[in-house]
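Letter by letter, the sequence shown follows residues 1 to 403 of the UniProt record's numbering. We treat Cβ as the ideally placed atom computed from N, Cα and C, and that holds for glycine. Note that the coordinates shown come from a computational prediction; the quantities given were computed from them, not determined experimentally. Read the structure below first, then the notes.
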Amino acid sequence: MSTRRSARLIAASESKVSSSPSSTMAPPPPPAPAQKGRKRKAATDPAPNGVTEDAPTEAPTASKKRRTQRPSTPPPPSPTPTPSNVKLMAEPAAPGDAVFATPPSKKPRAAAVDRLADSNTTLATLLSPETSRVVTSKKARTRTPSGSPTKQPVQKTPATASILEEANRFLVSVDPRMRPLVENHHCRIFSPEGLAEEIDPFESLCSGIISQQVSGAAAKSIKNKFIGLFHESPDGEESAAGGDGNEEQTKERRFPHPSEVVKVPLEKLRTAGLSQRKAEYVSGLAEKFVNGELSAQILADAPYEEVISRLTAVRGLGLWSAEMFACFGLKRTDVFSLGDLGVQRGMAAFVGRDIAKLKSKGGKFKYMSEADMTALSDKYKPYRSLFMWYMWRVEETDVSTME
């Protein structure tokens, strides 16, 4: 009996001990201190598929704004700065004068010579690259006054002394909107003074190659260094290379003959700043003049299509380069380039189109289709060279008052 009672007492005592807190138990951890500063959104547990339950299903607002700010089409290319790019190509050859030592405006002007101006031939006064002999088209003989002993009949063909005036009058007669362009911009290229300037076709074409894909300042520097390669001083250094020589040294320099260029290794040509490709192009062009495939007389007399064909057969001279040389170098009056973006843009503005609204097809911008350009430019034959020259300047002149 006593045994059972003591067992009950022991069990009750153990039950009390287990229900009361022990004096040796560690105190509960203190509450975490409140975080100061900006409150952050509590992280959520990932869902079983690995995606956060509260994650937005749409793109963040910031990225959405960035997408809406992006233009639907890439920015339009800048108009072709053709007149400035072909400045070296149109530079007259002046033996004994600095090529770039003085501004072109300070060069002695060539005396104007009145010649017949056939629109199908070259109007420029060319120099033979090897002999510096003056070459003109056989159709552009010196105009003889009526009543002279030769009794040469006065022809209806325009003369170089009046070709610009007659061409401008024709352009305005086709479309009166040409009047402000003609009155506000003097096309010196086809003026009597411009047509009297002597052009070395080899130098002009080399300048066009040098100017490809470089700035005007870089092209001038490279051309001067190129000339300096062929005018070394007695100590073996280039004379006035880069245009840093004195005036006397600069005046003695002339552009090298094709026969001189073909003898120079490509490695040496590259020291003037030419790339490997351009060095090959210049050397190949010189070879064409040496073997007779190109000459000043051929370029003066050949029909336009033959001139373009011969030029584009030269590595480094594409259709655009050939067209620009025919216009600015040979000064042919009926040249028109469908591939010039500046002309395309100017024509679109000339006919009143909003050039800000671009058409992009296959990544290429079109201000005007080639068919529309051809239809419009054909009205200005045989003076499309002048029409093209004025189209580069349309955005500088308000033609809307003539509409």
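Separation of residue j from residue i, as counted between CA atoms
i, j, result
"Leu299", "Glu260", "21 Å"
"Lys223", "Ser173", "42 Å"
"Val351", "Leu285", "40 Å"
"Leu274", "Arg179", "43 Å"
"Asp372", "Leu123", "29 Å"
"Ser215", "Glu197", "25 Å"
"Leu294", "Arg310", "7 Å"
"Ile189", "Arg353", "29 Å"
"residue 406", "Glu396", "Past the edges of the chain, shown from 1 to 403, lies residue 406, and the structure says nothing about it."
"Gly292", "Lys357", "49 Å"
"Pro176", "Glu370", "23 Å"
"Pro153", "Ser162", "Interpretation of Pro153 is limited by its pLDDT of 47, a score under 50 that renders its predicted location unreliable; the figure taken from the coordinates is listed afterwards. Cα to Cα, the separation comes out at about 18 Å."
"Tyr380", "Lys268", "47 Å"
"Leu229", "Ser385", "35 Å"
"Leu376", "Val262", "44 Å"
"Val307", "Asp301", "9 Å"
"Glu183", "Ile209", "33 Å"
"Gln344", "His231", "42 Å"
"Met347", "Val282", "34 Å"
"Ala217", "Lys87", "11 Å"
Under the three-state DSSP convention, the category residue i falls into
i, result
"Val174", "helix"
"Glu357", "It is Lys, not Glu, that sits at residue 357 in the sequence shown. Residue state, collapsed to three classes: coil."
"Glu198", "strand"
"Thr125", "strand"
"Val86", "coil"
"Lys366", "strand"
"Val214", "coil"
"Ala159", "strand"
"Thr73", "Bear in mind that a pLDDT of 49 at Thr73, under 50, signals an unreliable position, so the number given afterwards is only what the model happens to contain. It is coil, neither helix nor strand."
Integer-rounded CB distance, given that residue j should sit under 8 Å from residue i
i, j, result
"Leu181", "Val394", "7 Å"
"Phe336", "Met368", "With a Cβ gap of about 13 Å, Phe336 and Met368 do not count as contacting."
"residue 439", "Val314", "Since the first residue shown for the chain is 1 and the last is 403, residue 439 is missing from the structure and cannot be characterised."
"Ser191", "Asp334", "Their Cβ separation, rounded to whole angstroms, is 18 Å, which puts Ser191 and Asp334 out of contact at 8 Å."
"Ser221", "Met89", "The Cβ separation is near 16 Å, so there is no contact."
**Message:** As an exercise, report each continuous alpha helix (DSSP H) stretch of at least 4 residues that is fully enclosed by the segment 250-287, in chain order.
**Reply:** Fully enclosed alpha helix (DSSP H) runs of 4 or longer: 258-261 and 266-270.
**Item:** Stretch-stretch touch, CB-based, cutoff 8 Å, three pairs: the segment 119-134 with the segment 337-356
**Value:** No, the segment 119-134 does not touch the segment 337-356.
**Item:** At least 3 beta-carbon pairs within less than 8 Å: the segment 319-330 vs the segment 194-212
**Value:** Enough Cβ pairs lie closer than 8 Å, so yes.
**Message:** Extract the residue ranges of the alpha helix (DSSP H) inside the segment 287-364, only unbroken runs of 4 or more that lie entirely within it.
**Reply:** Inside the segment 287-364, DSSP marks whole alpha helix (DSSP H) runs of 4 or more residues at positions 296-301, 304-312, 319-324 and 341-350, from first to last along the chain.
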